[in-house]
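4 protein chains.
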Amino acid sequence: MKNLLIKNGTLVTAADLFVADIFVADGRVIWIGLLPPGGEEAANADITIDAAGKYVIPGGIDVHTHLDMPLGDICSVDDFETGTIAAACGGTTTIIDYAAQNRGESMAQGLETWLKKAEGKAVIDFGFHLTLSEFTARTLPDMEQMVALGVPSFKVFTAYPDRLMLDDASIFKVLKKAKDLGALVCAHAENGQVIDVFIREALAARQIEPKYHALTRPPAVEGEAVHRLITLAELADAPLYLVHVSCGDALKHIVNAQNRGLPVYAETCPQYLVLSAENYDQILFEGAKYVMSPPLRAKQHQECLWQGIRSHAITTIGTDHCPFNFNGQKSRGQDDFTKIPNGAPGIETRLSLLYTEGVGTGRISLNHFVDLVATSPARLFGLYPQKGTIAPGSDADLVIFDPTVETLISAVTHHSCADYSLYEGMRVKGMPETVIFRGNVIVQNGKFTGTAGEGQFLKRKPYASTR
Amino acid sequence: MKNLLIKNGTLVTAADLFVADIFVADGRVIWIGLLPPGGEEAANADITIDAAGKYVIPGGIDVHTHLDMPLGDICSVDDFETGTIAAACGGTTTIIDYAAQNRGESMAQGLETWLKKAEGKAVIDFGFHLTLSEFTARTLPDMEQMVALGVPSFKVFTAYPDRLMLDDASIFKVLKKAKDLGALVCAHAENGQVIDVFIREALAARQIEPKYHALTRPPAVEGEAVHRLITLAELADAPLYLVHVSCGDALKHIVNAQNRGLPVYAETCPQYLVLSAENYDQILFEGAKYVMSPPLRAKQHQECLWQGIRSHAITTIGTDHCPFNFNGQKSRGQDDFTKIPNGAPGIETRLSLLYTEGVGTGRISLNHFVDLVATSPARLFGLYPQKGTIAPGSDADLVIFDPTVETLISAVTHHSCADYSLYEGMRVKGMPETVIFRGNVIVQNGKFTGTAGEGQFLKRKPYASTR
Amino acid sequence: MKNLLIKNGTLVTAADLFVADIFVADGRVIWIGLLPPGGEEAANADITIDAAGKYVIPGGIDVHTHLDMPLGDICSVDDFETGTIAAACGGTTTIIDYAAQNRGESMAQGLETWLKKAEGKAVIDFGFHLTLSEFTARTLPDMEQMVALGVPSFKVFTAYPDRLMLDDASIFKVLKKAKDLGALVCAHAENGQVIDVFIREALAARQIEPKYHALTRPPAVEGEAVHRLITLAELADAPLYLVHVSCGDALKHIVNAQNRGLPVYAETCPQYLVLSAENYDQILFEGAKYVMSPPLRAKQHQECLWQGIRSHAITTIGTDHCPFNFNGQKSRGQDDFTKIPNGAPGIETRLSLLYTEGVGTGRISLNHFVDLVATSPARLFGLYPQKGTIAPGSDADLVIFDPTVETLISAVTHHSCADYSLYEGMRVKGMPETVIFRGNVIVQNGKFTGTAGEGQFLKRKPYASTR
Amino acid sequence: MKNLLIKNGTLVTAADLFVADIFVADGRVIWIGLLPPGGEEAANADITIDAAGKYVIPGGIDVHTHLDMPLGDICSVDDFETGTIAAACGGTTTIIDYAAQNRGESMAQGLETWLKKAEGKAVIDFGFHLTLSEFTARTLPDMEQMVALGVPSFKVFTAYPDRLMLDDASIFKVLKKAKDLGALVCAHAENGQVIDVFIREALAARQIEPKYHALTRPPAVEGEAVHRLITLAELADAPLYLVHVSCGDALKHIVNAQNRGLPVYAETCPQYLVLSAENYDQILFEGAKYVMSPPLRAKQHQECLWQGIRSHAITTIGTDHCPFNFNGQKSRGQDDFTKIPNGAPGIETRLSLLYTEGVGTGRISLNHFVDLVATSPARLFGLYPQKGTIAPGSDADLVIFDPTVETLISAVTHHSCADYSLYEGMRVKGMPETVIFRGNVIVQNGKFTGTAGEGQFLKRKPYASTR
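So the protein sequences, as listed, match chains X, V, C and Z.
For any residue, its number in our numbering is found by taking its place in the first sequence, counting from 1, and adding 954.
For any residue, its number in our numbering is found by taking its place in the second sequence, counting from 1, and adding 954.
For any residue, its number in our numbering is found by taking its place in the third sequence, counting from 1, and adding 954.
For any residue, its number in our numbering is found by taking its place in the fourth sequence, counting from 1, and adding 954.
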């Protein structure tokens, strides 16, 4: 493995920003310093990269992905190879994907299935959360086993009755067990029962177009579920991580809980910051592209979320990357919006969108940007300091980010297999020019140069062990 | 029927307070005025009562009672005769009791059963709410029938899974139907599933004493359910009436909803204003007397509730009178608090407790007192102006209230069949000296002088028709 | 004085609504009842009015007027005759006007001046508040004298530095004294110092049009002063009455204070409910008509205020009637908005506007309407039960209100001397058809039939004596 | 100047925590890395310090000190030598002191005076804020000059009328000017006028003991001033830094402002976190030691402040070090609490108290600790990245902090000249063992080894230039 010297870059961490040289060996950062004139030779690096005028940031960590995810008889279109290549090209060097147990299966079986999906394919490191599809006598013991195997986070749903929804008693027991294990519960918060009543009414009234997906899941059903989950977590004395928070109705309860000192964390996704429910009004069946849960919201919620980011109520930015093709998959719902598979691609555009709309507009600082896309995810999910920062001893997962390059987002150029992009034609400024993963350059000028199977499974530490 | 003249009393309504004479004929108030000197003769009344120095207020309306209510193989100990006599002696001339359907039964059958319970027994007027014990295909049509029969309010539970709890989808459908019918949904708000987890943990740990009844139903489970119900009502565009609100955790959501303009109403009960969780610490099995749901709360919640009353967030004072004997009934739970029948007597002490602790302490005005115990209940539940005020044409249900008399509350002297009182030994100041029901004196100096069976079933108007 | 029988009207008070007959003698209500068929003769009234299909409500009480008020070298254009005639025609039978001391003068001198202004002119009853123009050694003793003379309310300003503004220390002392006296402090809440900075900047930038009146007094300066005054009142343990609340920024602090149980009261005026800052954008100098303080606000504040009314955060509706002519008076500010005299007419349109926009739209009930325009003002300012309700023994100040009549508001037809109306061309539904003052009909079908000088000075009871 | 190698320490910044070696030359950090076995020789350092098992953190920055500060005819007892030695011994390597203009003087004269006070004395670096004692025609131009001279922060008072208080108009102008200059306004928030009324009442009632200092400045007067200042800052579109926030009444407005996205910052001090108003009840005149403004508060405010720290509502920890001797200075107020000089020592105990009570109790993380005492102060006040972090190129101001050492706080051992300590006898765990200032060891095992006059005046960047 070759040594690497990154010179003159502006190093950015969650707290710091300064010009420095970085020396990498054996896949790890060895030192950060200021080489004296002529010091480069003394450093004796195999490869030297000049990062002058560019930012050197920790590789991004996307803690919300769904690669190779089955949904009924179809599957999300990116597997662990295409999905992680897209991630890498977007500046992400670690993902935490949602492994799921099938009903009747043990969690270990679910994990095993997902490990096989990733094997020989992932080009960057990966960890797993475990999604609970039911609550049975073996749920709590299984959780203990998962933590021991390096999977200390579990997802519960208050939505999708009959498929994923757990009742309050079960969620409460999961939270109590998570507390005991030091694990973290991730929750999808929407009141699935109320949504079902709305859906039945809509279908009965022949309201079948994609926009009814949004209209049958109003912000209040997310707000309600968030409030309920926070109450349950508080009663269980457990931390809580709310995935893909999409609206002010949810955020206000999160802010309130945090102001009271509760360990409640929130994730949002670029689509909720950048897109809005207006997309559902596109002609023909175009609106189907934006069918995801929670749905895109009215525009005013965007500012709520940005304010939540600014005030640190929102901790992380994930993507909920769950790509389905418009042709052949989304199109199943042509005559019934409930048949449109929920989900959309986004794994590649996370950093550039957040940089453009966050840093570029002055909404957040560069440090805050790094914190949202890398450091906080690493800390919350037990990967820090191996991942999520630039420090001697840490994995040399680094992104050389050029803040000046403008690019156009398009399905034509993106690396996902999805046949469309949520952001088609959108211009972003700021680009992960070079991506270094465990000391190897895997992306150069937007071209992927890495190797399938180089990504490793990360056994993560429990949440509580890092507090 | 004899004419009646009440002279020189200080007439108090929800808004007014003035000295006046009241003339009653044919069971109704005919006029309110100032007789000139010697005018009494002209009035030509059969009976004249001098109310100088006393308040004349509308007869109280208790909208939350459970008379002759079966619970498993036992029954609340007051039937419609003893229960309404106790009510009358306490200054209440109308009750609205909770009729219930048995599972499998139609609502009409439930109503029929309760009408029979009251027949020939009730000494004052009565209406019914209908308690839903399940949600089936006939629930919504049945609701329509009930409204037509003068029963335009329905109770749903988020507590007591497997017995009374409806899931969110069912409650939401009930709310939507109520909206269509102009009816009002009354809700018992506690998260029954979370409570069940707590209860199982408690029993597993051999925590069997009465105090664990309270510890397994913390305020947060009430707060959560209230927030959830408010969200459902808002989404259904329906009004909501929260019964027996017991704590600040619930009230804050109610205040917030009202501040946003939602038609959300709250009832509390004297026990939550006057007693506290400290009662569960009484020696031996005494704590069982206070086992009700929601349970008594820590003392600081009393001030929250009083503040909710003062700011009009709380609309009505009911009793949740549901008396079980300490000996023989409560005692079933000697070795397991979950076997203690939930409920306690209180129908007779509503006015005197609220007057003593509310008006006597300066917390509320006399007008507000009348509003809480009579006028607001009448308005909300479709009885106004027949009931709930003193006006020409209204039923002559009147209480001559002597604010100076002090009495001691005791099971020895109360009229309920219950073998104990929640307030044993408590001193109250202010007493319903004379109670007039439809123009007849039925209580005189605390002695009941009325007749069983004189009470009539009141067909009530729907909520929406009175806005 | 002739006896009067009002038959078949729908009597409305702050709490009640029922059909009844009302008998009036000697200027007072004698009885309210239901005459038997043929009973009219027995009543033997001199005059009988059939009010079938109409509301009979208590005469309105406008607690915020400025009649014959000097401002520099000009004067508001209505004196106590034209002003009270306009009031009467609008259904108002009592006003409380702001008497003011000149600097250097005692309060008694100020009161004396105002009593003379009213003498022989007022056609309805009147009381006075006393406006403090300075704080001196005799301020506190003078307050005591005023209370003894029946003037138990005092106005302080946080606006208008160098003319009316008191510093915080002085206001705090006034509040403490008011507490001792049981009196009520009325406050004009705007941060006058911040406004002055804005004004100087505006003039320096040659921003001279009427709209800069509003732009130099943004809602936040009202919000700030309201918060400050509430803090001072809380520290002084004194009640506080905030006059002409105009915006959500102010209201949120009031709601918060009331939710904490503080005796904080708020008044708003029809102009803030019905008009908006858009009026300042009218062509030419038309915007000057709307120059008042606080200024009209952006439209969203209207809904805030209506919500404040609905939730009872706002207690009373006054007019702040302070009419200046557009020609000759307002026009002084043609080249400098600071020279436009602040104030506008409104005394006549209070009931019809509030009825149309409040009751007519379903925002508030009829009872609430009566409470806002009559009962609450009477209670807060020590006139109840002589005024503000319909009860045996109360003054027979009654309005027969026809809810069906539509009229057009116009300066052509209004009774104020002002040469314009804020509401020119606006259509209202609901009209005070007949106005009875102390038992005499003074307005019939919109025609004034009363007599100058019949109005009496009302010695009011202190706030605290009525709690 | 000698090179320095710090080996094996656990480096802690505001975001990171990892074991690393640090190499220092020419007063600056050169590199941070992991020396290979035997690499120490290659590093060729003059001095090597083994920091194994200890934290290496950035030198502390205390942005609120009053050294050599005149108050009437006395002076705070620490000059820039004794004061900075005490600071250094406590782990602080930079202070920002409040230079003040005398009334009538220019700001430049004030700055000149303070520069002379520091000259030849300061053992660590220092910057200045400028305290406004009046608002005159030259205030705004003077501010511009100060920014140019590296003094881009200004202090205003809403307290101390007749001595320091500015009226709202002046403060508003200062905020607007600060906005233009990119400068930061620091505010002492208490309503001085209300306090004066309370003080006069107290003295009139012969309430002269130290505890009346606290009773005459209740939390609400701080809350009021904070709300007012935030409104002014919002209207001026300027950032605001609230010094020595002491209570929940103030904090709630800060939280609210931050939740709305306003650039409002808050500082608190160890005394408000650790001590309470109970100290005023000490026997004899002991309470005088705790006389400072704002005063110590009731205990529940401590938890409010900690919660404010945890949720990042509070940004920095300063000391407000302003030491007066108990004997001879505080004693002037023996018969009149208003004559007790306001202020107390604290410059030396900032880190150890915050570490003990914050990190030691689990309330905050080590990163957060570093952020509060060093990084946030450096960022806000224009010193970053020269100060406030550990990074190549930054000043080598470093503290080797031993988390295991327990010490006793006492005036006997502290380095301030003050004849008492607020924390006498309090035990703290965690101690700045070695303090390195610009690459020189100036404290070793608690012994000061530096040199007077080595501290340099820091010209600071304006707030806005660092966003």
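Don't be surprised by glycine CBs; every beta carbon is placed ideally from N, CA and C.
**Request:** Would you list, in chain order, the members of the segment 1261-1286 of chain C that have their beta-carbon closer than 8 Å to a beta-carbon of chain Z?
**Result:** none
**Message:** Quick check on X:L971 - is its C-beta less than 8 Å from some C-beta in chain Z?
**Reply:** Start at 1 with the first residue of the first sequence, and residue 971 of chain X comes out as number 17. For X:L971, the answer is yes, since a Cβ of chain Z falls inside 8 Å of its Cβ.
**DSSP state of Z:P1224 mapped onto helix, strand, coil** = By 1-based counting over the fourth sequence, the position of residue 1224 of chain Z is 270. Three-state DSSP puts Z:P1224 in a helix.
**Message:** Which same chain residues end up closer than 8 Å to V:Y1064 when comparing Cβ atoms and leaving out the 5 residues on each side of it in sequence?
**Reply:** Indexing the second sequence from 1 puts residue 1064 of chain V at position 110. It is worth fixing the name first, because residue 1064 of chain V is Gly in this sequence and not Tyr. Around V:G1064: A1053, A1054, Q1055, N1056, L1084 and T1085.
**Prompt:** Which residues mark the beginning and the end of the alpha helix (DSSP H) in which X:A1179 is found?
**Reply:** Start at 1 with the first residue of the first sequence, and residue 1179 of chain X comes out as number 225. Residues P1173 to A1190.
**Request:** Assuming C:F1082 and C:L1120 form a contact by the criterion Cβ under 8 Å, report the distance between their Cβ atoms to the nearest whole angstrom.
**Result:** Taking the first residue of the third sequence as 1, we reach residue 1082 of chain C at position 128. Taking the first residue of the third sequence as 1, we reach residue 1120 of chain C at position 166. Between C:L1120 and C:F1082 the Cβ distance is about 19 Å, and since that is not below 8 Å, they are no contact.
**Request:** Give the straight-line distance between the Cα atoms of V:Q1410 and V:T1303, rounded to the nearest whole angstrom.
**Result:** For this step, residue 1410 of chain V is matched to residue 456 along the second sequence. For this step, residue 1303 of chain V is matched to residue 349 along the second sequence. For V:Q1410 and V:T1303, the distance between alpha carbons rounds to 23 Å.
**Prompt:** Using the beta-carbon count (16 or more within 10 Å), is Z:K1253 buried or exposed?
**Reply:** Residue numbering aside, residue 1253 of chain Z sits at position 299 when the fourth sequence is read from its first letter. Under this definition Z:K1253 is an exposed residue.
**Message:** For a contact defined as C-beta to C-beta under 8 Å, what are the partners of C:G1215 on chain V?
**Reply:** Along the third sequence, one-based indexing puts residue 1215 of chain C at 261. Residues of chain V passing the Cβ test: Q1261, R1264 and S1265.
**Asked** X:T1048 by DSSP, collapsed to three states: which one?
**Response** Counting from one through the first sequence, the residue named residue 1048 of chain X turns up at place 94. Looking at X:T1048 - three-state DSSP - the assignment turns out to be strand.
**Request:** Verify the CB distance criterion: does C:V1209 have a CB-CB separation below 8 Å to chain V?
**Result:** Mapped onto the third sequence, residue 1209 of chain C falls at position 255. For C:V1209, the answer is yes, since a Cβ of chain V falls inside 8 Å of its Cβ.
**Prompt:** Hey, is Z:T1343's beta-carbon within less than 8 Å of any beta-carbon in chain X?
**Reply:** Against the fourth sequence, residue 1343 of chain Z aligns to sequence position 389. Answer yes: the Cβ-Cβ gap between Z:T1343 and chain X drops below 8 Å somewhere.
**CB-CB length for X:G1146 against X:Y1195, believed under 8 Å** = What you label residue 1146 of chain X is simply residue 192 of the first sequence in a count that begins at 1. What you label residue 1195 of chain X is simply residue 241 of the first sequence in a count that begins at 1. That belief does not hold up - the Cβ atoms of X:G1146 and X:Y1195 are roughly 19 Å apart, past 8 Å.
**Message:** What are the residues in the segment 1170-1201 of chain Z lying within 8 Å of chain C by C-beta distance?
**Reply:** P1172, A1174, V1175, G1177, E1178, H1181, R1182, T1185, L1186, E1188 and L1189
**Request:** Could you tell me which chain X residues have their CB closer than 7 Å to the CB of Z:A968, listed as they occur along the chain?
**Result:** In the fourth sequence, counting from the first residue as 1, residue 968 of chain Z sits at position 14. A969, listed in chain order.
**Asked** Got a sec: is the Cβ-Cβ distance from X:G1347 to anything in chain Z below 8 Å?
**Response** On the first sequence, residue 1347 of chain X is found 393 positions in, with the first residue counted as 1. Chain Z contact via Cβ: present.
**Message:** Let's see if you can read the secondary structure: which residues bound the alpha helix (DSSP H) around X:G1037?
**Reply:** Position 83 of the first sequence, counting from 1, holds the residue named residue 1037 of chain X. Per DSSP, X:G1037 belongs to the alpha helix (DSSP H) from F1034 to C1043.
**Prompt:** Which word fits C:K1071, buried or exposed, when buried means at least 16 other C-beta atoms lie within 10 angstroms of its C-beta?
**Reply:** Reading the third sequence from its first residue, position 117 is the one you call residue 1071 of chain C. Buried is the call here.
**Request:** Name the two residues that bound the continuous alpha helix (DSSP H) containing Z:G963.
**Result:** On the fourth sequence, position 9 is the one that residue 963 of chain Z refers to. First-last for Z:G963: L958 to V966, but that is the beta strand (DSSP E), not the alpha helix (DSSP H).
**Asked** So which of V:K1284, V:D1203, V:L1216 and V:P1295 has the shortest CA-CA distance to V:R1251?
**Response** Position 297 of the second sequence holds residue 1251 of chain V. When only C-alpha atoms are compared, the closest one is V:D1203.
**Message:** Using a Cβ-Cβ cutoff of 7 Å, what residues of the segment 984-1004 of chain V are near chain C? List them in chain order.
**Reply:** I984, W985, I986, G987 and L988
**Among X:G1026, X:L958 and X:E1188, nearest to V:P1172 - alpha-carbon criterion** = Start at 1 with the first residue of the second sequence, and residue 1172 of chain V comes out as number 218. Measuring from the Cα of V:P1172, the nearest candidate turns out to be X:E1188.
**Asked** So V:C1201 is in the alpha helix (DSSP H); what residue range does that whole segment cover?
**Response** As a working note, residue 1201 of chain V is residue 247 in the second sequence. No alpha helix (DSSP H) contains V:C1201, which DSSP labels as neither H nor E.
**Prompt:** At what residues does the beta strand (DSSP E) containing C:I1015 begin and finish?
**Reply:** Residue 1015 of chain C sits at position 61 when you count from the first residue of the third sequence. First-last of the beta strand (DSSP E) with C:I1015: G1014 to T1019.
**Prompt:** From the beta carbon of C:Q1212, is the nearest beta carbon of chain V less than 8 Å away?
**Reply:** Counted from its first residue, the third sequence places residue 1212 of chain C at position 258. Yes, C:Q1212 lies at the interface with chain V (some Cβ there is under 8 Å from its Cβ).
**Asked** X:D1004 lies in the alpha helix (DSSP H); which residues open and close that run?
**Response** Residue mapping note: residue 1004 of chain X aligns to position 50 of the first sequence, counting from 1. No alpha helix (DSSP H) contains X:D1004, which is instead part of the beta strand (DSSP E) from I1001 to D1004.
**Item:** Residue-chain proximity (V:T1047, chain C), Cβ-Cβ < 8 Å
**Value:** Along the second sequence, one-based indexing puts residue 1047 of chain V at 93. Chain C contact via Cβ: absent.
**Asked** I think X:D1351 touches X:F1323, with their Cβ atoms under 8 Å apart; what is that distance to the nearest whole Å?
**Response** Taking the first residue of the first sequence as 1, we reach residue 1351 of chain X at position 397. Taking the first residue of the first sequence as 1, we reach residue 1323 of chain X at position 369. With 8 Å as the limit, X:D1351 and X:F1323 do not qualify as a contact, their Cβ atoms being about 16 Å apart.
**Message:** the ligand FAD and V:I1153: does any heavy atom of the ligand fall closer than 7 Å to the residue's C-beta?
**Reply:** Within the structure as shown, the ligand FAD is missing, as the structure has no ligands at all.
**Item:** Cβ of C:P1299 within 8 Å of any chain V Cβ
**Value:** Within the third sequence, the letter at position 345 stands for residue 1299 of chain C. No, C:P1299 does not count as interfacial toward chain V.
**Option nearest X:D1122 by Cα separation, candidates V:E1232, V:V1148 and V:E1144** = To locate residue 1122 of chain X, count along the first sequence from 1; it is residue 168. Comparing Cα-Cα distances from X:D1122 to each of V:E1232, V:V1148 and V:E1144, the minimum goes to V:V1148.
**Request:** For the beta strand (DSSP E) holding C:L971, just list the boundary residues, first then last.
**Result:** For the purposes of this step, residue 971 of chain C is taken as residue 17 along the third sequence, with counting starting at 1. Segment L971 to A979, the beta strand (DSSP E) holding C:L971.
**Item:** Residues from the segment 1099-1130 of chain Z in contact with chain C, defined by Cβ distance under 7 Å
**Value:** D1121, D1122, A1123, F1126 and K1127
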